[in-house]
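Novice:
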Amino acid sequence: MDDYSPTRNLIIEALEQNGDYEAKEAKDGSEAIDFLQKDHYDMVITDVMMPVMNGMELLQSLREKNIQIPVIMMTSRPAVDLTVSAMKSGVVDFLQKPFDLDNLLFKVGLYLQEEEGQGKTARDAEIALREEREQLSLKSLVYEAVEKAVGDNDEIFQTIVELAVKIVNAESCSLLLYDREYKKFYPKAQKGDDYGYYGANNVTTLNDIFQQAVNTKDAVMVHSDSDPFISPSMICAPLLIRGAVLGVLAVRKRRNSGIFTKSDLQQILTLAKRASLNLENKILYDTIYENMTSTLMALVTSVQARDHYTEEHSGRVTEFSVQIADALGLSDAEKETLRIAGLLHDIGKIAIPDNVLLKPGKLTFEEYEIIKTHPVIGDEILSHIPLLDAERKIVRYHHERWDGRGYPDGLSGNDIPFLARMMAVADSYDAMTSDRPYRKGFSSDEAILELQRNKGTQFDGHLVDVFVGVLAKENPSS
Ligand SMILES: [Fe+2]
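With the working numbering applied, the sequence shown corresponds to residues 1 to 478, in that order.
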């Protein structure tokens, strides 16, 4: 029961249509108690927050009236103390709102099945219940793990097969990708000694089972005493990405030689769905990232086509920045940020007119003011591209000064993002040592002296020291 009627309708619908259960809704705890006293029910699903009688009061009332029934409690904010006291009062499980209906159905199925199994002594029943609960918490963990699996696709595939084996106590599992054009299956990951892994395309029975899962987009369970590739049972579930079959997950017979049950089938299906969701998110993310990178490269190329200096300069600034990052032991993620930002730091120059950007002589005050808009323009360009927040900061702040006299925002000291301060040192060094049409560049030693002279005014002094150390190591004679 839940005081919000659309939620109730959703749950009732799911239970009746997908789970084939009979369900009745109550608007609060006291109405539920009335129902429970009149008729027999197998389970209560309740919200914590309800008017008249809330979820915890309902539990207490059930206990006082000696009504023994499993309770699944829904909550949007699972607090530890509430969880503990609810568990003590007979709640068998929690669902965090907003919950997914698959998970609800899975939990209901599991506890109702558990109820049926309790024909023996109270002691046996209690042991069985405890084991089931341990199993359940293991399963919840497994589902969570498959949703959160990280790494490249191969690692995620491997995690999926290992979790599948664990969740239904299987002997082996294979994950095979499906080639729609040739109707073939390509093994990608395996756990245990699995025939499916080696011979899907050569063993007709296996191929037929896999193909059935592909065609129906649903899990298939088969039992056979004689077929060595199946005996005694196998489950095959499709992995779907945006409705298309990416591949199949095939799990073979139980270790203890039992056969798979309907509940195993349900669990593999749930696992496959969740794994698909994870892969889908990841693949979408990869695609976005790829699109984004090519958009950026197009921008970078268009700046570089006008101004050859920017191209070489960006490459060197990136290299110097990453060297400083290495010397400081920064993470791979930070170095990746520096690489992208190094390429992009002057992207705003795309909007600077040729007569200013490419002027061979010294700039007038006004022209210099125009040049000084490039960090803000760069920031603005990147604001339209997702996932580049860290890079944008570097682009915007790479001309700020430690003493606050830089541009565009006049930030000072530690208010300037760390990676931007780092790039400022690398950027200035490279600008000083480069030959321009209107002046010859400094030697490395001269530029180093200039960096050191401006420690604490233009630059973060510590970063100058680190960079000078990097340069000295690279070129010990200077
Ligand atoms: Fe710049």
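Backbone N, C-alpha and C define an ideal beta-carbon position, used for all residues, glycine too.
None of these values were measured; they are calculated from a predicted model.
#1: Touch check for the stretch 33-45 and the stretch 66-77: three-plus C-beta pairs under 8 Å?
#2: Fully enclosed by the stretch 14-65, which alpha helix (DSSP H) runs are 4 residues long or longer?
#3: Using only the alpha-carbon positions, how far apart do VAL322 and GLU391 sit?
#4: Apart from the five residues on each side of it in sequence, which residues of its chain come closer than 8 Å, Cβ to Cβ, to PHE185?
#5: Any heavy atom of ligand 1 closer than 7 Å to the CB of HIS308?
#6: How would you write the range of the alpha helix (DSSP H) that ILE330 sits in, first residue to last?
#7: Using DSSP with H/G/I as helix, E/B as strand and the rest coil, what is GLN118?
#8: Looking at the unbroken alpha helix (DSSP H) that takes in ALA424, where does it start and where does it end?
#9: Compute the distance between the beta-carbons of ALA552 and LEU239, then report whether it is under 8 Å.
#10: Ligand 1 and ASP179: does the residue's C-beta get closer than 7 Å to at least one heavy atom of that ligand?
#11: Taking just the CA atoms, how far does GLU181 sit from LYS359?
#12: By DSSP's criteria, PHE94 is part of a beta bridge. Which residues make up the other side?
#13: Please list the terminal residues of the continuous beta strand (DSSP E) segment that includes HIS399.
#14: I believe ASP154 touches SER172 by the beta-carbon criterion, under 8 Å. Please report the beta-carbon distance rounded to the nearest angstrom.
#15: Could you tell me which residues DSSP pairs with VAL220 in its beta bridges?
#16: Using the rule of at least 16 other Cβ atoms within 10 Å of the residue's Cβ for burial, across every protein chain shown, is SER263 buried or exposed?
#17: Quick one: Cα of GLY342 to Cα of ILE448, how far?
#18: Should ASP346 be listed as close to ligand 1, given that the test is whether its C-beta is under 7 Å from any heavy atom?
#19: Quick one, are the C-beta atoms of ASP427 and HIS398 less than 8 Å apart?
#20: What's the gap between the Cα of ILE156 and the Cα of GLY109?
#21: Since ASP307 is in the alpha helix (DSSP H), which residue starts that stretch and which ends it?
#22: Taking TYR368 as part of the alpha helix (DSSP H), name the residues at either end of that continuous run.
#23: Quick check: the Cα distance between VAL470 and LEU277, rounded to an integer number of angstroms?
#24: Quick one, which of LYS362, LYS393, ASP346, ILE394 has its alpha-carbon nearest THR373's?
#25: For ARG421, which residues of its own chain have a beta-carbon under 7 Å away from its beta-carbon, when the five flanking residues on both sides are left out?
#26: Measuring straight from C-alpha to C-alpha, what distance separates ARG306 and VAL356?
#27: Less than 8 Å between the C-beta atoms of ALA219 and ILE259, yes or no?
#28: In the DSSP assignment, find the beta strand (DSSP E) that holds GLN158 and state where it starts and stops.
#29: Shortest alpha-carbon distance to THR433 belongs to which of VAL251, HIS313, GLU31?
#30: Let me check one thing: in DSSP terms, what residues is ILE241 bridge-paired to?
#31: Looking only at its own chain, which residues have a Cβ that is under 6 Å from the Cβ of PRO437, when we skip the five neighbours before and after it?
#32: Among ASP34, GLN37, ALA26, ILE67, which one has its Cα closest to the Cα of ASP47?
#33: Do THR337 and LEU419 have their C-beta atoms within less than 8 Å of each other?
#34: Reducing DSSP to helix, strand and coil, say where VAL203 ends up.
#35: What are the partner residues of PRO187, as DSSP defines its beta bridges?
#36: Let me know the secondary structure DSSP gives PHE260 once reduced to three states.
Specialist: Once the coordinates are examined:
#1: Yes, since at least three Cβ pairs between the stretch 33-45 and the stretch 66-77 fall closer than 8 Å, the two stretches touch.
#2: Restricted to the stretch 14-65, the alpha helix (DSSP H) segments that are unbroken, complete and at least 4 residues in length are 29-38, 55-64, listed in chain order.
#3: VAL322 and GLU391: Cα-Cα distance of roughly 14 Å.
#4: Taken in chain order, the residues that qualify are LEU176, LEU177, TYR178, ASP179, ALA200, ASN201, ASN207, PHE210, GLY247, VAL248.
#5: Not one heavy atom of ligand 1 is found less than 7 Å from the C-beta of HIS308.
#6: Going by the sequence as given, residue 330 is Leu instead of Ile. Neither: LEU330 is in no alpha helix (DSSP H) and is coded neither H nor E.
#7: The pLDDT assigned to GLN118 is 49, lower than 50, so where the model puts this residue is not dependable; a value taken from the coordinates is nonetheless given after this. GLN118 falls in the coil class under three-state DSSP.
#8: Unbroken alpha helix (DSSP H) run through ALA424: 418-433.
#9: Since the first residue of the chain shown is 1 and the last is 478, residue 552 is not available in this structure.
#10: Distances from the CB of ASP179 to the heavy atoms of ligand 1 are all 7 Å or more.
#11: If you draw a straight line from the Cα of LYS359 to the Cα of GLU181, it comes to about 57 Å.
#12: DSSP lists MET73 as partners of PHE94.
#13: Segment: none, HIS399 is in no beta strand (DSSP E) and carries neither H nor E.
#14: Rounded, the Cβ-Cβ distance is 18 Å, inconsistent with contact.
#15: According to DSSP, VAL220 shares a beta bridge with CYS236.
#16: Classification of SER263: exposed, given that the 10 Å Cβ count is below 16.
#17: Cα atoms of GLY342 and ILE448: separation of roughly 20 Å, rounded to the nearest angstrom.
#18: Checking every heavy atom of ligand 1 against the Cβ of ASP346, one is found closer than 7 Å.
#19: HIS398 sits close to ASP427, with the two beta carbons spaced by under 8 Å.
#20: In this structure, the CA atom of ILE156 is about 28 Å from the CA atom of GLY109.
#21: No alpha helix (DSSP H) holds ASP307; DSSP gives it neither H nor E.
#22: The continuous alpha helix (DSSP H) containing TYR368 extends over residues 365-371.
#23: Spanning the alpha carbons of VAL470 and LEU277 requires a straight line of approximately 45 Å.
#24: It is ASP346.
#25: Correct list, in chain order: ASP460, LEU463.
#26: Cα-Cα distance, rounded: 12 Å.
#27: Using a Cβ distance threshold of 8 Å, ALA219 and ILE259 do not count as a contacting pair.
#28: Note, GLN158: premise wrong, no beta strand (DSSP E); alpha helix (DSSP H) at 153-168.
#29: Minimum Cα-Cα distance from THR433 among the listed residues VAL251, HIS313, GLU31 corresponds to HIS313.
#30: Secondary-structure assignment with DSSP links ILE241 through a beta bridge to ALA244.
#31: So the list reads PRO360, once near-sequence residues are dropped.
#32: It is ALA26 whose Cα lies nearest to the Cα of ASP47.
#33: In this structure, LEU419 lies closer than 8 Å to THR337 by Cβ.
#34: DSSP, reduced to helix, strand and coil, places VAL203 outside both helices and strands of the structure shown, so it counts as coil.
#35: In DSSP, PRO187 forms a bridge with LEU176.
#36: Reduced to three states, the DSSP call for PHE260 is coil.
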